[in-house]
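Using numbering that gives the first Met the number 0, the letters of the sequence shown map in sequence onto residues 0 to 63.
All residues carry an ideal CB built from backbone N, CA and C; glycine is no exception.
Structure record follows, encoded as structure tokens.
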Amino acid sequence: MRDLSILIGIYTVAVLLAGLGMVSLRKQKKRNPEVQNKPMAKPPLVSTEDMLSGWGKEEEEAKQ
Numbered sequence: 000m001r002d003l004s005i006l007i008g009i010y011t012v013a014v015l016l017a018g019l020g021m022v023s024l025r026k027q028k029k030r031n032p033e034v035q036n037k038p039m040a041k042p043p044l045v046s047t048e049d050m051l052s053g054w055g056k057e058e059e060e061a062k063q
């Protein structure tokens, strides 16, 4: 019986925390609606040559 009460307590706390989180998210969205609806800026594209060291050095040396 004691295990059951502990389990019920854990689930009750989890539901309370989830509810508080949802309420705080709704309040935040109501407070700043223009921030939430802005599209995100795209990150700059990075080529494979920039990511791998030594990649493409042979071609650059051949061009010079």
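From which residue to which residue does the alpha helix (DSSP H) around ALA17 run?
-> Looking at the DSSP string, the run of the alpha helix (DSSP H) that includes ALA17 is 1-30.
Out of curiosity, what's the CA-to-CA distance linking ILE7 and LEU19?
-> Whole-angstrom Cα-Cα distance: 18 Å.
Close Cβ partners of GLN27 (< 7 Å) along its chain, the five nearest in sequence each way excluded | The answer is none, since no qualifying residue turns up.
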